[in-house]
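Structure first, commentary second.
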Amino acid sequence: MGKLDGKVAVVTGAARGIGKADAVLFAKEGAAVFVSDIDEAPLMEVVKEIKTSGGKADGCAGNVTKLEDCQKVMDKAVEKFGKIDILVNNAGLTRDALIHKMTDAQWDICVDISLKGTFNCIRAASKYMMKTEHNGKIVNVASVAGLMGNVGQINYSAAKSGLIGLTKTVAREWGRFGVTCNVVAYGFVDTRLTREKETQQEEVAGEAIGIPKKVRDMMLLQVKPMTPEDAAKPVLFLASDDAAFITGQVLNISSGIYM
Amino acid sequence: MAKRLAGKVAVVTGAGRGIGRGEALALASEGAKVVINDLGGTVDGSGAAHSPADEVVAEIKKLGGEAVANYDSVATMKGGENIVKTATDNFGKVDILVNNAGILRDRMLFNMTEEDWDTVLKVHLYGHFYTIKALNPLFRQQRYGRIINTSSVAGLNVTTYGQVNYGAAKEGIVGLTRKVARDMGRYGVTCNCIRPNAGTRLTLSDEMK
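Chains G and V, in that order, are what the protein sequence lines are. Final position of the first sequence in our numbering is 266; the numbers increase by one with none missing. Final position of the second sequence in our numbering is 213; the numbers increase by one with none missing.
Dropping the structure here:
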C-alpha cells in the first residue's frame, strides 16, 4: 500500500538530484510518474531506472521557460497516464554572482527557470487541474535563500522568494478545486548546485556550477548536507493525502539553517 | 508497508480528546507505544477525570496497539516529570513528545483576570517547557528526540477576540520551539511546532457540534 497508489505525478527537472529522487520515491509509493528535464539522455535513464524497478514512468524533454514545452509535457502525461494529480515544480538552477558583478543573463536565466518556469507549468496543467473536487497537489521547490537572502544569490533569492507569493496565490485560486499548493524551502542538499565548483567541473547552460570550496567548507562547519533522497521525503508528504489540509505553506527543510 | 514508528515510544499530552487523541491514534497506528496524558478537565481547565485518557488507551488497545494512561497536569514541573516517569516505567524510554495539552479562558481584555492570564500561560507555555525540560536528560543521552509543539493561528493576523492570554502563550511557544531546536539540535533532537485550525471542543460552539 503506497502513499500515492493510483496517482499520476509530473516532476520537472527530474534528470538528476532532487527531482530524480522525487520521481523514484513517488514511483516506489505507487504513482505513475511523468518526468521532464532539459537534458533528454539522463532523463530517459531515470525513466528506465523506474521501470526496471517495477514502477510506472514515462517522460519527455522540455524547457520550462517555454510555455509550449510545458504544455507538451502536461498533454503527454495525460495522454499516457490519463490525468495529473501531482505537479512538482523542481526545475531550477543557481547562477551565483555578487550584485555589482551580476549580468543580465545571470539574473534572467535563474529567474526564468525557477519563477517563470513554475508559472508556465502551472498554467499548462490548469486545464487538467481546474476541475471540481480535483484534489490535486502542487509542490514548488524553493530555498531558505528565498526566506533569508544569501550572499551571491540575489537572483536565486528573488526567484525563490517570488515562488512563495506564487504558491499562496495558486492556493487561493485553486483551493475551490480541492487543489493544494505548497512550497518547500531547502537548505543544503548535496546536488551539483552545491558540490565543490572547482572539483566537479560541471557546466549548465555554458557556465560552471557549484559552490567554491572555501565557501562550501565554511558551510560544512555549520551543517551536514542532506541527500536528494532525504530531500524527497517531505515532498512525498506534501504530495500525499496526508497533507490534504495544508495549503499555501512553506515547509522549511534546512536542518535549522534558517528558522 | 512496515510501520514507520515500530519500536518508538511517544508521549502525547492532552491526548484524551480532540487533536491530541487524533495524534495519539495516528502514532499508535504506525506502531508507536503511546503514553496518553490527560488531566481530564473541562475546556477552562477546571476539574479532573480519568475517563478521557482511559478511553483512548482502550481504543488503542482494541486496535492492537500499546498505550498507557497518565493523568498529571502539564502545568507544573512535577507534572512534567511524572509524565516522563510513566513512559520510562512502562516502556523504558521516550522518542517522541507531542505537546498538545491546552485550555481556553477567552475574555475580552478589560474582563480578563490575573488568574485567566496565569492559567492559560501555565498550561500552554509553561506546560510545553516542563515536559521538554523533563525529557531533556533522556534525549541528550540517547542523541535522539522528536518534539512537536502546538501553536495556533490565533496569535497571527486573524480576527479572533478575547485571546490576549492564548495568543501570547501560543506565540511564546513559537519562540520556545526555535530555541529548543538550537539548544537540542546538537543532540539529534528536532523541535517543530504546528499551527492547527481545528474544530474541537475548544473552538466549536454548542450549536456547531
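Quick reminder that beta carbons are idealized off the backbone N, C-alpha and C, glycines included.
Annotation: the continuous beta strand (DSSP E) that includes V:N153 extends over G149 to T154.
Here G:A192 is near G:G153, since their CB atoms are less than 9 Å apart.
Where V:A73 is concerned, there is no enclosing alpha helix (DSSP H), although the beta strand (DSSP E) around it starts and stops at A71 to N74.
In terms of beta-carbon proximity, G:M266 lines the interface with chain V, with at least one pair separated by less than 9 Å. For the pair V:Q146 and V:T92, the Cα-to-Cα distance works out to about 13 Å. Contact note: V:A57 does not reach chain G at a C-beta cutoff of 9 Å; the least C-beta distance is about 26 Å. Under the Cβ distance rule, V:G189 counts among the residues neighbouring chain G, one pair being separated by less than 9 Å. Nearest C-alpha to G:I161 among G:A21, G:W114, G:K58 and G:Q207: G:W114.
Under the DSSP definition of a beta bridge, V:T194 partners with V:R150. Closer than 9 Å to the CB of V:A185 there is at least one CB belonging to chain G. By the beta-carbon neighbour count (other beta carbons within 10 angstroms, threshold 16), V:E27 is buried. Close to chain V, meaning a Cβ-Cβ distance shorter than 7 Å, are the following residues of the segment 253-264 of chain G: G263.
Around the beta carbon of V:T163, fewer than 16 other beta carbons sit within 10 angstroms, so the residue counts as exposed. Between G:V146 and G:I93, the CB-CB gap stays under 9 Å.
With contacts defined as CB atoms closer than 9 Å, V:N94 and V:K183 fail to qualify as a contacting pair.
Less than 9 Å separates the beta-carbon of G:N189 from that of G:L258. Residues of the segment 164-184 of chain V that bring their beta carbon within less than 7 Å of a beta carbon in chain G comprise R182, in sequence order. In this structure V:R111 is not in contact with V:G176, their Cβ atoms being roughly 18 Å apart against a cut-off of 8 Å. Two segments are said to touch when three or more pairs of C-beta atoms, one from each, lie closer than 8 Å; by this definition the segment 48-61 of chain G does not touch the segment 77-85 of chain G. If you look at G:C188, you'll find it in the beta strand (DSSP E) that goes T187 to Y193. Inter-residue distance for G:G263 and V:S50 is about 38 Å (C-alpha atoms, whole angstroms). Straight across, the Cα-Cα distance linking V:N169 with V:V157 is about 14 Å. V:I177 carries a helical assignment under DSSP once its states are collapsed to helix, strand and coil. A check of alpha carbon separations from G:P232 across G:F252, G:V242, G:L200 and G:E209 identifies G:L200 as the nearest. Per DSSP, the beta bridge partners of V:N41 are V:T17 and V:N74. In the three-state scheme derived from DSSP, where H, G and I count as helix and E and B as strand, G:V230 is classed as coil. Residue environment for G:F252: exposed (fewer than 16 other C-beta atoms within 10 angstroms of its C-beta). Between G:K14 and G:H141, the alpha-carbon positions lie close to 12 Å from each other. Residue state for G:G99 is assigned as coil, using DSSP reduced to three classes. Check the Cα spacing between V:R150 and each of V:K126, V:M188, V:V127 and V:V124: the tightest is with V:M188. The C-alpha of V:A79 lies about 8 Å from the C-alpha of V:T123.
Straight-line spacing of the CA atoms in G:C117 and V:A19 works out to 47 Å.
With a minimum length of 4 residues, the unbroken runs of alpha helix (DSSP H) contained wholly in the segment 88-156 of chain V fall at 118-125 and 131-146.
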